[in-house]
Every structure is written in structure tokens, then in C-alpha cells.
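Here's the structure, in C-alpha cells; my notes come after.
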Amino acid sequence: MRLTPVFLLSATDVSHFPAPAKTFDAPEIAFLGRSNVGKSSLINALLGSKEAHVSSTPGRTRAINFFALHEGSGDKMKVRPSLIFADLPGYGYAKISRSISSEWPQFIEPYLAERQALALCVCLVDTNIPPQPNDTQLITYLKQTQRPYLVVGTKSDRVSGNVLAKSIAALKKAHEVDEVLPISAKTDAGIKALWSKLISVAEE
Ligand code: GDP
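1139 is the number of the first residue of the sequence shown in this note's numbering; add one for each residue after it.
And the structure:
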């Protein structure tokens, strides 16, 4: 399935979120992670484009950016999107805020708790660093709110196979999750596997 990304809007307030009529009620996939985890790079790798604009200054994007993904391209692009991507602001950047709890109440938490179309939260964790408490905090929150989530381990190309396996095991243990899918935006490792999971959400 060839999908064409169309930027919808940048929301800085609950009132800005795209209305169901605007998204044709397409299932929404949210991308969450600490600043610098590789979220923009992953979205770019998924979309095969520069839609998400790899951020040069960690923690600068304080908005939720919405993209509609339409089947086909050009004149043949379907009006009704198959999926919506929601790129959430990175958390945990020390200069901005130390924890997700202090910066999130205004519109991130309402988004995660109340957004009807939200079908999957892709939680990005870095395979190159030890498990981070604020990632655990987010994943615990998603478990409590019973939101479907998928944990993805970024930058898998930076470590050898053995170190990667150990890192994945440590992440699974610390965050108490069954799966951490290793991916690399640089080599595209794991991108196909991730896409097939996202497509199955779109087809549900
Ligand atoms: P964001 O703040 O989460 O959006 O992170 P970015 O996508 O801007 O990436 C942060 C830094 O990590 C940048 O220097 C990227 O080049 C680097 N990076 C992101 N993904 C990968 C990856 O898969 N492999 C490697 N080696 N570096 C990556």
C-alpha cells in the first residue's frame, strides 16, 4: 500500500485537534518518546519523506503535529485517509522540564485519555541508553488508561547484535512489556516490521 502523507495541522491546545469529520474518523497512531530518541527520524523513515522535519534543537516542538496518510498519490490519491499520524512533543528534555508530569497536563494527557480515534501509541525508547524512568512513567500511564501501545527501540544500528539483545531484554524488564521492536531510521532495520503492525491497525 503506497501512502501519501499530507500535513494537517499543528495543535497547541485541545481545541485544535482535528475533528472526526476532517479525518474521516480514520484510526490515529500517536508517536511518543523522550526528546532526541529519534522520533522525527523514525517518522521520516516510515513516510519516506521529510514530513516530520528532523528537529535540530531537542525539545523545541511543543505541539502535536497531525498528518493524514492517503492511499495512492497525485490524482489517484483517495480523499479518505487510511491512517492519521500524531507526532507528540518529546518529553524529558532537562532544559524544558524534568518529568513528563509537569509539562503534560494541559493537552498531552487529555489527548491520550480522551482522543476517540487513537488506535495505537508507538512509544519510542533508545536502545543505546539504560531504561529511563520517564519512559516507564509514560508506559505505565498507557497501561492504566488501557490504550493499545507498542514499544519500539530506536537507533538499533549503533550497537552490535549481542549488546542490542541485552539492551532489548533490559528495556522489556524495566518497562514490564512483552515486546520491544528494534528499529533503525538509519539502516531501515525493523521499519517493514513496524509498518506491517501499523497497517494492521489501519485495517481493523
Ligand atoms: P527526536 O528529537 O526524537 O525527533 O530525534 P531526532 O529524530 O531528531 O534524532 C535525534 C538524533 O539521533 C539525531 O542526531 C539523529 O540523527 C539521531 N538518530 C535518530 N535515529 C537514528 C538511528 O536510527 N540511528 C542513528 N545512528 N542515529 C539516529
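All C-beta atoms, glycine included, are put in the ideal place defined by N, C-alpha and C.
Which one of the options has the shortest CA to CA distance from residue i?
i	options	result
Leu1262	Leu1226, Asp1326, Ile1246	Leu1226
Gln1254	Pro1143, Ile1167, Phe1145, Thr1150	Ile1167
Leu1332	Pro1219, Gln1275, Gly1291	Gly1291
Ala1312	Pro1248, Glu1341, Gly1328, Pro1271	Pro1271
Ser1178	Thr1150, Asp1151, Lys1324	Lys1324
Leu1302	Phe1223, Met1215, Pro1269	Pro1269
Lys1330	Ile1267, Gly1212, Asp1151, Leu1184	Leu1184
Is it true that the CB of residue j sits closer than 8 Å to the CB of residue i?
i	j	result
Val1318	Lys1310	yes
Pro1286	Ile1306	no
Leu1221	Pro1165	yes
Leu1207	Leu1147	no
Phe1162	Pro1219	yes
Phe1204	Ala1149	yes
With a threshold of 7 Å, establish whether the CB of residue i neighbours any heavy atom of ligand 1.
i	result
Ser1322	yes
Arg1285	no
Lys1330	no
Val1260	no
Asp1273	no
Gly1228	yes
Gly1171	yes
Thr1265	no
Asn1174	yes
Arg1296	yes
Asp1161	Going by the sequence as given, residue 1161 is Thr instead of Asp. Checking every heavy atom of ligand 1 against the Cβ of Thr1161, none is found closer than 7 Å.
Ser1179	yes
Lys1310	no
Lys1335	no
Lys1214	no
Taking the alpha helix (DSSP H) that residue i belongs to, which residues open and close that run?
i	result
Thr1161	1158–1161
Ala1340	1329–1341
Span of the beta strand (DSSP E) holding residue i?
i	result
Thr1292	1287–1292
His1208	1202–1209
Ala1224	1221–1225
Ser1298	Counting along the chain, Ser1298 falls outside any beta strand (DSSP E), and DSSP gives it neither H nor E.
Asp1273	Careful: Asp1273 lies outside any beta strand (DSSP E), inside the alpha helix (DSSP H) at 1271–1283.
Ile1167	1166–1171
Pro1320	1318–1320
Compute every distance between the C-beta of residue i and the non-hydrogen atoms of ligand 3, then say whether any falls below 7 Å.
i	result
Ser1148	Ligands in the displayed structure: ligand 1; ligand 3 is not one of them.
**OP:** Specify whether the stretch 1245–1262 and the stretch 1274–1282 touch according to this definition: at least 3 beta carbon pairs, one from each stretch, less than 8 Å apart.
**Re:** yes
Original post:
Quick one: any contact between the stretch 1263–1272 and the stretch 1167–1177, if contact means 3 or more CB pairs under 8 Å?
Top reply: yes
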